[in-house]
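> Structure in structure tokens, see below.
Protein chains: 2
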Amino acid sequence: MQQLIAHINKYHPLGDEAQNTLHDCFEQITLSKNEYLLTEGRVCRHLYFLEKGALRGYYNMDGKEVTHWFGFEEDFVTSFYSFITGSMAVENIQLIEGSILWAISKERLTALFNQYHEIERLVRIAYEKYYIRLEERFVNAQFKNATERYENLLQQTPHILERVPLGFIASYLGISQETLSRIRSKF
Amino acid sequence: MQQLIAHINKYHPLGDEAQNTLHDCFEQITLSKNEYLLTEGRVCRHLYFLEKGALRGYYNMDGKEVTHWFGFEEDFVTSFYSFITGSMAVENIQLIEGSILWAISKERLTALFNQYHEIERLVRIAYEKYYIRLEERFVNAQFKNATERYENLLQQTPHILERVPLGFIASYLGISQETLSRIRSKF
DNA sequence: TTTGGTTTTTGACAATTATCAAAAGCCCGG
DNA sequence: CCGGGCTTTTGATAATTGTCAAAAACCAAA
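Pasting the structure below:
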């Protein structure tokens, strides 16, 4: 929990009262490898903070699992579309490693927004960071070729390569596993 | 201006006072076709609301203009990365049609956040919508083929086809103009 | 240390998309 | 109504990436 508080303070420092209230609103969850935080068809009603471990979000697209994001230490995690709109999730969130998470429900978070302007500000700022991150991934996906995308991964998030099977990484990069293998052999 | 207020009220209705203050913080801008709202290398210090008209954001990537988004009526528009981080923009924003816009500076917007919790909430909610929109474009870019992306455009935003040259649309979809032309001929 | 299962690599081939060049179509100003 | 410039289409070919199948490497449990 100390990590969550410390992480939040990096984004936007909170006053003691807001910090304490926030602290009380999160519940700890521990899950082991291959378990699911969310399965498609259910509504994702929580926002999670990943203290320790790793997980992935994936779609089932014509029979294949297509991983489109990873979560690691200090990431906020949810099925964003489902969480925001309240509709059924089309993705699954599965643990890649045994993990420690902290969960807050949407209702509680909304209540915190009403109670503390500064907590809503914190989230507004977090959204900005996550939006920028997604924007960069979008540009990579749309305008870079497979090799460039792999090089980008090597430079920006090399830790992914060490903790995640290549099959997941291939679809994260939007290429087939075989193509990824061939790209890697060139380095 | 009435359109901006009406649009905002669709997102998150504001009290009269906040609404009036907000109203006074925007300045009207009119630009004609082919003019620039922003050029790369400059910092984008404003958020714009597009009341009437159309524009595009594009990168210069190895000698080619790569359009990655369009703005139309009722869109909020900025070079998001530059606006948020205060760093130089890597993209250009150019008018596709003569347009009427309303501008607010980042300083003014920040001041409004401090003054009115509800305005920061409005923006927080807007971010959620824009994030979801981008997420969908990302999934399309990464996991759908050219024909599927075109079909998606046909269904979801057919107005783009009527107002934008095909060359821009091709790079918006992440394909070459020739391939887009061939896909179209199949329909 | 062996074994069975999973992950990764390799090979051959097919499908998709890009590139370059040229032709055709379209639109606006005179 | 005509001409010139811009946009879009078409054709031929090349490059990139995907698919299927099999081999190799890796790894964890007995």
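Chains Y and L, in that order, are what the protein sequence lines are.
The first sequence begins at 1 in the working numbering and counts up one residue at a time.
The second sequence begins at 1 in the working numbering and counts up one residue at a time.
Glycine residues also receive a C-beta, built at the ideal position from the N, C-alpha and C atoms.
#1: Given a cut-off of 8 Å, decide if L134(Y) and L50(Y) are closer than it, judged by their beta-carbon atoms.
#2: Determine the closest residue to V123(L) out of G63(L), F76(L), E178(L), with distance taken between C-alpha atoms.
#3: Which one of N152(L), F83(L), R121(L), I175(L) has the shortest CA to CA distance from Q142(Y)?
#4: Classify H12(Y) as helix, strand or coil using the three-state DSSP reduction.
#5: Let me check one thing: in DSSP terms, what residues is A103(Y) bridge-paired to?
#6: In this structure, does DSSP put E73(L) in helix, strand or coil?
#7: So, for S32(L): in the same chain, excluding its five sequence neighbours on each side, which residues have a beta-carbon less than 7 Å away from its beta-carbon?
#8: Would a C-beta distance cut-off of 8 Å place A146(Y) and I104(Y) closer than the cut-off?
#9: Of the residues that make up the segment 8–27 of chain Y, which ones have a beta carbon closer than 8 Å to any beta carbon in chain L?
#10: Run down chain L in chain order and give the residues with a C-beta less than 7 Å from the C-beta of I84(Y).
#11: Would the segment 163–171 of chain Y count as touching the segment 50–59 of chain Y if we require 3 or more Cβ pairs under 8 Å?
#12: Go to I56(Y), then tell me how far its alpha helix (DSSP H) extends in each direction, as first and last residue.
#13: With DSSP as the reference, identify every bridge partner of E65(L), one or two as the case may be.
#14: Measuring only between beta-carbons, confirm whether V164(L) sits less than 8 Å from chain Y.
#15: Determine the closest residue to D24(Y) out of K10(Y), M1(Y), L153(Y), with distance taken between C-alpha atoms.
#16: For N92(L), which three-state DSSP category applies?
#17: What residues match up with Y36(L) in a beta bridge as DSSP calls it?
#18: Buried or exposed: R42(L), going by 16 or more other Cβ atoms within 10 Å of its Cβ?
#19: My output table needs one value for V43(L): the three-state DSSP class, helix, strand or coil.
#20: Cβ closer than 7 Å: which chain L residues qualify as neighbours of G174(Y)?
#21: Would you mind telling me which residues of chain L sit closer than 9 Å to V77(Y), beta carbon to beta carbon, in chain order?
#22: Ordered along the chain, which non-local residues of its own chain (more than five positions away) have a Cβ less than 6 Å from that of F83(L)?
#23: Hey, does R121(Y) have any beta-carbon neighbour from chain L nearer than 8 Å?
#24: The alpha helix (DSSP H) spanning A145(Y) covers which residue range?
#25: Measure the alpha-carbon distance for N140(L) versus H12(Y) and round it to whole angstroms.
#26: Applying the 10 Å Cβ sphere with the 16-neighbour rule, what's the burial state of T189(Y)?
#27: Just to confirm my understanding: we take G188(Y), look at its own chain, exclude 5 residues before and 5 after, and list those with CB closer than 6 Å. What are they?
#28: Which residues, in order along the segment 47–76 of chain Y, keep a beta-carbon less than 7 Å from a beta-carbon of chain L?
#29: Going by CA-CA distance only, name the one from E162(Y), Y172(Y), Y150(Y), H159(Y) that's closest to S185(Y).
#30: Mapping DSSP to helix, strand and coil, what is T157(L)?
#31: For F192(L), decide whether its Cβ has a neighbour in chain Y, counting only Cβ atoms nearer than 8 Å.
#32: Using only alpha-carbon positions, find the residue among V66(L), E107(L), F187(L), E118(L) that is nearest to E148(L).
#33: Against chain L, does F80(Y) count as a neighbour if the rule is that its beta carbon must be under 8 Å from one of theirs?
#34: Would DSSP call V123(Y) helix, strand or coil?
#35: So with CB distances below 7 Å, who are the chain Y contacts of V139(L)?
#36: Show which residues of chain L have a CB atom less than 9 Å away from the CB atom of R182(Y).
For this structure:
#1: Not closer than 8 Å, so no.
#2: Nearest Cα to V123(L) within the set G63(L), F76(L), E178(L): F76(L).
#3: The candidate whose alpha carbon is nearest that of Q142(Y) is I175(L).
#4: H12(Y): coil per DSSP, three-state reduction.
#5: According to DSSP, which records beta bridges pairwise, A103(Y) is partnered with E27(Y), Y48(Y).
#6: Three-state result, E73(L): coil.
#7: Taking S32(L) as the centre and dropping the five residues before and after it, the same chain places the C-beta of L95, G98 closer than 7 Å to its C-beta, in chain order.
#8: Not a contact, by the Cβ cut-off of 8 Å.
#9: Cβ contacts with chain L: none found.
#10: Result: E128, I132.
#11: Because the criterion of three Cβ pairs below 8 Å is met, the segment 163–171 of chain Y and the segment 50–59 of chain Y touch.
#12: In the sequence under discussion, the amino acid at residue 56(Y) is Arg, which differs from the Ile named in the question. That residue, R56(Y), is in no alpha helix (DSSP H); its beta strand (DSSP E) goes 55–61.
#13: Bridge partners of E65(L): N60(L).
#14: With 8 Å as the cut-off, V164(L) does not count as an interface residue toward chain Y.
#15: Comparing Cα positions, the closest option is M1(Y).
#16: Three-state DSSP puts N92(L) in a strand.
#17: Q94(L).
#18: Note on R42(L): under 16 other CB atoms within 10 angstroms of its CB, so exposed under the neighbour-count rule.
#19: If DSSP states are grouped into helix, strand and coil, V43(L) belongs with coil.
#20: At a C-beta separation below 7 Å, G174(Y) has these neighbours in chain L: Q142, F143.
#21: Correct list: empty, because the minimum Cβ distance to chain L is about 14 Å.
#22: Result list for F83(L): C44, in chain order.
#23: Look at R121(Y): its C-beta is under 8 Å from a C-beta on chain L.
#24: The identity of residue 145(Y) in the sequence shown is Asn, whereas the question assumes Ala. Counting along the chain, N145(Y) falls outside any alpha helix (DSSP H), and DSSP gives it neither H nor E.
#25: When rounded, the distance between both Cα atoms is 33 Å.
#26: In the structure as shown, chain Y begins at 1 and stops at 187. Residue 189(Y) is therefore absent and cannot be evaluated.
#27: As displayed, chain Y neither begins before 1 nor continues past 187, which places residue 188(Y) out of reach and without an answer.
#28: For the segment 47–76 of chain Y, which is checked against every Cβ of chain L, the residues closer than 7 Å are M61, V66, H68.
#29: The shortest Cα separation from S185(Y) among E162(Y), Y172(Y), Y150(Y), H159(Y) belongs to Y150(Y).
#30: In this structure, T157(L) counts as coil in the three-state DSSP scheme.
#31: In the structure as shown, chain L begins at 1 and stops at 187. Residue 192(L) is therefore absent and cannot be evaluated.
#32: Scanning V66(L), E107(L), F187(L), E118(L) for the CA closest to the CA of E148(L) turns up F187(L).
#33: Cβ-Cβ to chain L under 8 Å: yes for F80(Y).
#34: Here V123(Y) sits in helix by DSSP.
#35: Result: H68.
#36: The contacting residues do not exist; R182(Y) stays about 19 Å from chain L at best.
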